Amino acid sequence: MSGYWMQWIRQPEGKGLEWIGRIDRGTGTVYSQSFQNRFFITKNLNTLYLEGKNLQQQDTATYYCARDSQCRKMSENNTKTD
Numbered sequence: 593m594s595g596y597w598m599q600w601i602r603q604p605e606g607k608g609l610e611w612i613g614r615i616d617r618g619t620g621t622v623y624s625q626s627f628q629n630r631f632f633i634t635k636n637l638n639t640l641y642l643e644g645k646n647l648q649q650q651d652t653a654t655y656y657c658a659r660d661s662q663c664r665k666m667s668e669n670n671t672k673t674d
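Numbering (my numbering), first residue to last: 593 to 674.
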């Protein structure tokens, strides 16, 4: 996982995919506004985690993690260089 941005996505039965959020190479996270403060993404060297708080019936879904197809590299001044 090191070097890749990792995403969490879910799909409620009979509905489309819903993007929850992502974690970057370090520990920086970005969440969909719909899931802000309800879901939390963390990782360690080899494992990606998704924690849900105060889950409701409407949170029943199949949850997927996905890795970006390109390794994201940062230059020394922290700008993205693919």
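All residues carry an ideal CB built from backbone N, CA and C; glycine is no exception. Quantities reported herein were computed from a predicted structural model and do not represent experimental measurements.
Alanine 653 and glutamine 599 do not touch by the CB rule: their CB atoms are close to 15 Å apart, not below 8 Å. Our two residues, threonine 621 and glycine 606, have alpha carbons roughly 28 Å apart in a direct line. For glutamine 650, the three-state secondary structure derived from DSSP is helix. Partner residues in the beta bridge of tryptophan 611, as assigned by DSSP, are Ile601.
Looking at the backbone, the Cα of isoleucine 615 and that of tryptophan 597 are separated by about 6 Å. DSSP lists Phe631 as the bridge partner or partners of glycine 644.
An exposed status is given to glycine 618, since fewer than 16 other beta-carbon atoms sit within 10 Å of its beta-carbon.
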